[in-house]
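**Student:**
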Amino acid sequence: MTATLTRRAFGGLALVLAAPALRAQPAWPTRPVRIVVAYAPGGGTDITTRAFAEQLTQRFGQTFVVENRPGANGVVGTEAVARAPADGYTLLAVTSTHVMNRQMVSPLPFDPAADFTPIGLMARYPLVLMLNVDAPFKDLPGMIAYARTHPGELAQATSDAQSSYTANRFAQAAGLQLTEVPYRGSGAYLGDLTGGHLKLAWGSPATAMGLLPGGKIRIIAVSSPQRSATLPEVPTLREAGVPEVEFDGWFGLFGPAKLPEPITQQLNTALAEISATPAMQARLRSLAVDPAPMDLRALAATLVREEQVWAEAARAGLLPKP
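With my numbering applied, the sequence shown covers 2 to 323.
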């Protein structure tokens with residue numbers, strides 16, 4: 002799909018918002034709402050979605066039920082929602098991999114833009130660069146200096162498409178010879194990292210926070226444009242001298258294509274208002290993610306921009322091959 006077509010697909014939402022309602026919409030919801038999480042139970046998307054589902058249940062007076070449908074990098078659960086009725090009773094919770102999948106999965110049985118209605122973001126998260134505490138450097142400048150004088154010696158662990166992209170983009174931008182070691186999930190590399198067999202690993206803040214109390218790792222950078230509220234003392238890659246590399250992941254809520262605008266707007270407003278409560282902000286901090294309220298027009302523009310970013314990353318060979 003060209004960038005123009007993608008822009009039309011995501012940007013079409015703005016046209017819907019501008020049109021007046023032509024007829025009265027039926028009351029919604031009048032029965033339980035199913036949120037399909039396209040990943041396994043217990044992960045960041047699942048836990049964050051369940052936190053919001055509790056609050057949505059209280060707000061709307063109907064149960065928001067979370068159903069896990071993992072498989073194929075989120076494709077299995079996502080396809081199920083693409084084929085569901087656009088009546089507001091089947092929603093989808095995914096990460097930013099939803100947009101990346103166009104470049105990594107072939108054939109992809111749905112269109113990430115045209116087959117879905119963006120509703121809102123629940124939270125954002127950076128990736129973090131973790132360092133074994135016994136490494137011969139203590140921060141990112143020291144690590145870069147060491148890698149330049151020891152080319153090819155350092156390996157960096159990754160566990161998914163997001164960390165693979167960030168690791169490869171970082172090595173490219175910093176002009177370093179770093180060997181990527183892909184693992185099947187962050188849990189698979191933790192023993193190697195804490196045991197000193199690995200010096201570096203990219204992962205989520207939630208993964209890193211669980212390791213900090215043991216004193217085996219140090220977090221030396223975050224990939225987001227701004228510092229994370231969860232890790233305010235950790236510099237961004239930009240601050241640490243690698244401004245070309247940014248990754249800011251998200252957990253988002255989508256519906257099938259042509260979800261009625263009143264339902265979309267109700268949910269978008271609800272996510273923003275729930276995110277603003279002190280209780281939810283504290284809950285998100287405990288999950289090592291940051292609140293991410295965003296109105297529908299801004300969300301549509303964000304998704305168009307990310308389509309372009311991942312297409313360029315694929316052309317540059319920075320994403321896993323489909």
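Where a beta carbon is used, it is the ideal one built from N, C-alpha and C, also for glycine.
Using the DSSP secondary-structure output, state which residues sit across from T167 in a beta bridge.
**Tutor:** Note: T167 sits in no beta bridge, so no partner.
**Student:** Suppose the cutoff is 6 angstroms on Cβ atoms and the five residues either side in sequence are ignored; what does the same chain contact list for F111 look like?
**Tutor:** Correct list, in chain order: E80 and A83.
**Student:** Which residues in the same chain have their Cβ closer than 7 angstroms to the Cβ of Y190, if we skip the five residues on either side of it in sequence?
**Tutor:** Hits under 7 angstroms: A158, S160, Y184, L199 and A202.
**Student:** Could you compute how far the alpha carbon of G196 sits from the alpha carbon of V37?
**Tutor:** If you take the alpha carbons of G196 and V37, they lie about 37 angstroms apart.
**Student:** If you scan the region 199-265 from start to end, which runs of the beta strand (DSSP E) of 3 or more residues do you find wholly inside it?
**Tutor:** Segments of the beta strand (DSSP E) lying fully in the region 199-265: 201-204, 218-223 and 249-257.
**Student:** For V243 versus G45, is the C-beta distance shorter than 8 angstroms?
**Tutor:** Result no, Cβ atoms of V243 and G45 do not sit closer than 8 angstroms.
**Student:** Express the C-alpha separation of D47 and G75 in angstroms, rounding to a whole number.
**Tutor:** Looking at the two C-alpha atoms, the distance is approximately 12 angstroms.
**Student:** With W251 and L57 assumed to form a contact (beta carbons below 8 angstroms), what rounded beta-carbon distance in angstroms separates them?
**Tutor:** W251 to L57, Cβ: 18 angstroms. No contact.
**Student:** Check this for me: beta carbons of L194 and M131, under 8 angstroms apart or not?
**Tutor:** Contact: yes.
**Student:** Going by beta carbon distance, what residues of the same chain come within less than 6 angstroms of A52, once the five residues before and after it are set aside?
**Tutor:** Answer for A52: R284, listed in chain order.
**Student:** Give the DSSP-derived three-state secondary structure of V305 in the structure shown.
**Tutor:** If DSSP states are grouped into helix, strand and coil, V305 belongs with the helices.
**Student:** With a cut-off of 8 angstroms, do at least 3 Cβ pairs link the region 87-100 to the region 250-269?
**Tutor:** Yes: the two stretches touch, three or more of their Cβ pairs being nearer than 8 angstroms.
**Student:** Do you know how far the Cα of F117 is from the Cα of A19?
**Tutor:** Only weak support exists for where A19 lies, its pLDDT of 45 falling under 50; the coordinates are left without a value.
**Student:** How should H99 be labelled, buried or exposed, when 16 other C-beta atoms within 10 angstroms of its C-beta is the threshold for buried?
**Tutor:** Flag for H99 reads buried.
**Student:** Considering only DSSP beta bridges, list what V67 is partnered with.
**Tutor:** Looking at the DSSP assignment, V67 forms a beta bridge with I36.
**Student:** T150: buried (16+ other C-beta within 10 angstroms of its C-beta) or exposed?
**Tutor:** Looking at its Cβ environment, which holds fewer than 16 other Cβ atoms inside 10 Å, T150 is exposed.
**Student:** Out of L319, M295 and I220, point me to the one whose CA is closest to D135's CA.
**Tutor:** Selected option, being the one with the closest Cα: I220.
**Student:** Provide the residue(s) that pair with E181 in DSSP beta bridges, ordered along the chain.
**Tutor:** Answer is Q157, bridged to E181.
**Student:** Suppose contacts are defined by Cβ-Cβ distances below 8 angstroms. Is P127 in contact with V223 by that definition?
**Tutor:** Yes; because the gap between Cβ atoms is below 8 angstroms, this pair is in contact.
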